[in-house]
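The block underneath contains the structure these notes are about, expressed in C-alpha cells.
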Amino acid sequence: MATERTLSIIKPDATKRNLTGKIVAKFEDAGLRVVASKRIHLTPAQAGAFYAEHKERGFYGELCEFMASEPVVVQVLEGEGAIAKNREVMGATDPAAAAAGTIRKEFALSKGENSVHGSDSEASAAREIAFFFSGLELVG
Ligand code: UDP
C-alpha cells in the first residue's frame, strides 16, 4: 500500500474539552505520523469555504458556525494508506454508530460535534492539505 498524506482537523468540541493530546495519541498508536500541525481559529467564512461541498445540505450553516466557535488543530497525517486508516480511527460520523475504540465513539458529543474531520479521498486530501498548509510546512 502506498504512503499517503491526509488532512485531519481536531474540531472545536474536542479542543474546548482539552482532548487534543488524547486524539493525537490515537493517530500515533495507529501508525499515523504528524508531519504538520497548527492551532488556528477559523472565521465562519473560512469554515464555509472549507466545507463548500456541503453548502446545499441543511446542516451547513450550523456546521460553519460550530467550526468557528473555538480553535481547531489542523494536521497532516502520513502513513501507509493514511486516508482510509485515519477514517477508520475516527469512526462513523454519528458517534452512536461508531465502532468501539474509535475517536468518535470515545469523544464525540453528537453527529455534528463529532471531534474530528478527516479527508475522504485522495482528491479531497490534496485539496484540504493545500487549503491549510504550504509545501514548506510539511515536514516528513
Ligand atoms: N454533519 C452534521 N449533521 C449531519 C451530517 C454531518 O452536522 O447530519 C457535520 C458533521 O460535523 C460531519 C460534517 O458535517 O463530520 C461533514 O459531514 P460528512 O457527511 O462529510 O461526514 P464525515 O466525513 O465528517 O464523517
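If you count by the working numbering, then the sequence shown holds residues 53 to 192, one letter each, in order. C-beta: ideal position from N, C-alpha, C; glycine also.
Thinking C-beta only, is residue j closer than 8 Å to residue i?
i: residue 56; j: residue 87; result: no
i: residue 60; j: residue 168; result: yes
i: residue 123; j: residue 91; result: yes
i: residue 94; j: residue 77; result: no
i: residue 126; j: residue 184; result: yes
In whole angstroms, what separates the C-alpha of residue i from that of residue j?
i: residue 160; j: residue 74; result: 13 Å
i: residue 181; j: residue 58; result: 7 Å
i: residue 186; j: residue 89; result: 12 Å
i: residue 53; j: residue 132; result: 6 Å
i: residue 143; j: residue 176; result: 18 Å
i: residue 114; j: residue 96; result: 10 Å
Using the beta-carbon count (16 or more within 10 Å), is residue i buried or exposed?
i: residue 65; result: buried
i: residue 154; result: buried
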